[in-house]
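First residue of the sequence shown? That's 0 in numbering that gives the first Met the number 0, and the numbers climb one at a time after it.
Positions of the beta carbon are idealized from the N, C-alpha and C atoms, including for glycine.
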Amino acid sequence: MLFGGFQPFTLSDYPSCIAAIAFAQGCNFRCRFCHNASLLPMLAKHDELLSSEDILAKLAPKAGKLEGLVVSGGEPTLHQDLPDFLDQVKRLGFKIKLDTNGSRPIMLAEVLRLRLIDYIAMDVKGPLADYSRICGVPVVTDAIRESISLVAGAGIAHHFRTTFSEQLMSSADLDRVKSTVPEGSKHITQAFQPQHALDPTLRPSACAS
Numbered sequence: 000m001l002f003g004g005f006q007p008f009t010l011s012d013y014p015s016c017i018a019a020i021a022f023a024q025g026c027n028f029r030c031r032f033c034h035n036a037s038l039l040p041m042l043a044k045h046d047e048l049l050s051s052e053d054i055l056a057k058l059a060p061k062a063g064k065l066e067g068l069v070v071s072g073g074e075p076t077l078h079q080d081l082p083d084f085l086d087q088v089k090r091l092g093f094k095i096k097l098d099t100n101g102s103r104p105i106m107l108a109e110v111l112r113l114r115l116i117d118y119i120a121m122d123v124k125g126p127l128a129d130y131s132r133i134c135g136v137p138v139v140t141d142a143i144r145e146s147i148s149l150v151a152g153a154g155i156a157h158h159f160r161t162t163f164s165e166q167l168m169s170s171a172d173l174d175r176v177k178s179t180v181p182e183g184s185k186h187i188t189q190a191f192q193p194q195h196a197l198d199p200t201l202r203p204s205a206c207a208s
């Protein structure tokens, strides 16, 4: 795997767990509200990327001090070697939280089958009918539906989350999103961070003009 960054410590990204974060490089969405544009391309400047080995080397000394690793992105499930990386992290004694956009249910099902993750956070970008508009690319919403079902039925800790921007969604749209989340699963509404939005028309300067 290739990673675009590593954060050695977080108290807020893995509920009830002291963790680090590894940011997988590359994403198949171009969400208009995205504030991590540097992680979108699958390839970036070589000297700015970290390998799986780099991340494992950073984690090894933290065994017994940190409890977990958040594997975020970008979109981790785009990487075919994700299961192998997660297995190596597990062997170091860390719990794993996976952040995903749910676009690759086959990979999600595989890491669940192998019991390689302890927590899942899945983004539900908006009402399914509006996915392509919000995500900036054509999206197969059947895959999103399948992933929602997989996450809800995984039998491990999980939540769904939606970034709410008034420029992209109405309150009624947000209610529609919440209705797609199965009963018994937690949904979190995240505040939109406009300063570094991928779509420049959503940034404060553009909205002010």
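Minimum C-alpha distance to Pro14 - residue among Asp198, Ile155 and Ser169: Here residue 14 corresponds to residue number 15 of the sequence shown, with the count starting at 1. The option with the nearest alpha carbon to Pro14 is Ile155.
Helix, strand or coil: how does DSSP classify Tyr13 here? As a first step, residue 13 must be located in the sequence shown, where it is residue number 14. In this structure, Tyr13 counts as coil in the three-state DSSP scheme.
Identify every run of the beta strand (DSSP E) within the region 50 to 108, keeping only runs that are complete inside it and at least 3 residues long; order them along the chain. 67 to 71 and 94 to 99
Reducing DSSP to helix, strand and coil, say where Leu115 ends up. By 1-based counting over the sequence shown, the position of residue 115 is 116. Correct three-state label for Leu115: coil.
Rounding to the nearest angstrom, what Cα-Cα distance links Leu58 and Ile20 in this structure? As a first step, residue 58 must be located in the sequence shown, where it is residue number 59. As a first step, residue 20 must be located in the sequence shown, where it is residue number 21. So the two alpha carbons sit approximately 10 Å from each other.
Close beta carbons around Thr162, own chain, < 6 Å, minus the five adjacent residues each side: In the sequence shown, residue 162 corresponds to position 163, counting from 1. Hits under 6 Å: Phe32, Gln189 and Phe191.
Rounded separation between Leu49 and Val110 - CA only: As a first step, residue 49 is located in the sequence shown; it is residue number 50 there, counting from the start. As a first step, residue 110 is located in the sequence shown; it is residue number 111 there, counting from the start. Looking at the two C-alpha atoms, the distance is approximately 22 Å.
Beta-carbon proximity check, Met0 vs Ser71, cutoff 8 Å: Residue numbering aside, residue 0 sits at position 1 when the sequence shown is read from its first letter. Residue numbering aside, residue 71 sits at position 72 when the sequence shown is read from its first letter. No, they are not a contact pair.
State the CB to CB distance for the pair Thr140 and Leu107, rounded to an integer number of angstroms; the pair is presumed to be in contact (CB under 8 Å). Here residue 140 refers to the residue found at position 141 when the sequence shown is read from its first residue. Here residue 107 refers to the residue found at position 108 when the sequence shown is read from its first residue. Going by Cβ atoms, the distance from Thr140 to Leu107 rounds to 15 Å, so no, they are not a contact pair.
Put Leu197 into one of helix, strand or coil per three-state DSSP. Sequence index remark: in the sequence shown, residue 197 carries index 198 (1-based). Note: Leu197 maps to coil in three-state DSSP.
Less than 8 Å between the CB atoms is what I'm expecting for Gly67 and Ala120, so what's the real figure, rounded? Taking the sequence shown and counting its residues from 1, one reaches residue 67 at position 68. Taking the sequence shown and counting its residues from 1, one reaches residue 120 at position 121. Contact doesn't hold; Cβ gap of about 13 Å is too wide.
I want to see whether chain C comes within less than 8 Å of His158, judged by CB atoms only; does it? Absent from the structure is chain C; it holds one protein chain and no more.
At a cut-off of 7 Å, is Ile95 close to the ligand FAD when judged by its beta-carbon and the heavy atoms of the ligand? Although the ligand FAD was asked about, the structure shown includes no ligands whatsoever.
Which whole runs of the alpha helix (DSSP H) in the region 138 to 195 are 4 residues long or more, in chain order? 140 to 151 and 170 to 179
Mapping the DSSP letters down to three states, classify Gln6 as helix, strand or coil. Here residue 6 corresponds to residue number 7 of the sequence shown, with the count starting at 1. Strand, per DSSP.
Span separating the alpha-carbon of Cys30 from that of Ala36: Counting from 1 along the sequence shown, the entry for residue 30 is found at position 31. Counting from 1 along the sequence shown, the entry for residue 36 is found at position 37. Cys30 and Ala36: Cα-Cα distance of roughly 9 Å.
Assuming Lys94 and Leu115 form a contact by the criterion Cβ under 8 Å, report the distance between their Cβ atoms to the nearest whole angstrom. One-based indexing of the sequence shown puts residue 94 at position 95. One-based indexing of the sequence shown puts residue 115 at position 116. That pair is no contact at about 11 Å.
Do you know how far the Cα of Glu165 is from the Cα of Arg202? Position 203 of the sequence shown, counted from the first residue, corresponds to residue 202. Position 166 of the sequence shown, counted from the first residue, corresponds to residue 165. Each residue's Cα considered, the two are about 12 Å apart.
What residue from Val69, Phe2, His78 and Leu55 has the CA that sits closest to Ser11's CA? Working through the sequence shown from its first residue, we reach residue 11 at position 12. Among Val69, Phe2, His78 and Leu55, the Cα nearest to that of Ser11 is on Val69.
Assuming Val180 contacts Phe159 under a Cβ cut-off of 8 Å, what Cβ separation, rounded to an integer in Å, is found between them? On the sequence shown, position 181 is the one that residue 180 refers to. On the sequence shown, position 160 is the one that residue 159 refers to. About 5 Å; that satisfies the 8 Å criterion.
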